[in-house]
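Everything below concerns the one structure shown next.
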Amino acid sequence: MTKIFDFEYYEIKEVRVIYKLKKKRKEKGWTQLKLSEKSGVPQPTISQIEKGNRKYPTHENIRKLAKALEVDIRELEDENESATTV
Numbered sequence: 001m002t003k004i005f006d007f008e009y010y011e012i013k014e015v016r017v018i019y020k021l022k023k024k025r026k027e028k029g030w031t032q033l034k035l036s037e038k039s040g041v042p043q044p045t046i047s048q049i050e051k052g053n054r055k056y057p058t059h060e061n062i063r064k065l066a067k068a069l070e071v072d073i074r075e076l077e078d079e080n081e082s083a084t085t086v
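According to UniProt numbering, the stretch in the sequence shown is residues 1 to 86, in order.
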């Protein structure tokens, strides 16, 4: 039986993206509050995303966070790349 939509794949991919965002934030020495100020994403939302409590964070929030952290969103989604600056 073929799966039409593989939720496990997307959950793993999401965890990878969140991990890379958090890692980049810490590398910059930024708090969640500073990232919030730079990105426009509310700090409580960032906290929930980083804890994994917010299922499937919106693409818009991921885009805003990546832009603030100067990370190419394609690198975040690439399972073979570590997060680097643009």
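Glycine residues also receive a C-beta, built at the ideal position from the N, C-alpha and C atoms.
Leaving out the 5 sequence neighbours to the left and right, which residues in its chain are closer than 6 Å to residue i when beta-carbon positions are compared?
{"i": "L69", "result": "K24"}
{"i": "Q32", "result": "Q43, I46, S47"}
{"i": "E50", "result": "K22"}
{"i": "K38", "result": "A68"}
Use the C-beta contact count for residue i: other C-beta atoms within 10 angstroms, 16 or more gives buried, fewer gives exposed.
{"i": "K26", "result": "exposed"}
For residue i, which three-state DSSP category applies?
{"i": "K38", "result": "helix"}
{"i": "K28", "result": "coil"}
{"i": "P57", "result": "coil"}
Ordered along the chain, which non-local residues of its own chain (more than five positions away) have a Cβ less than 7 Å from that of residue i?
{"i": "I73", "result": "I62, R63, A66"}
With a cut-off of 8 Å on the beta carbons, I'd call residue i and residue j a contact; round off their distance for me.
{"i": "residue 95", "j": "I18", "result": "This structure cannot settle anything about residue 95, because the visible part of the chain is limited to 1 through 86."}
{"i": "K20", "j": "L76", "result": "5 Å"}
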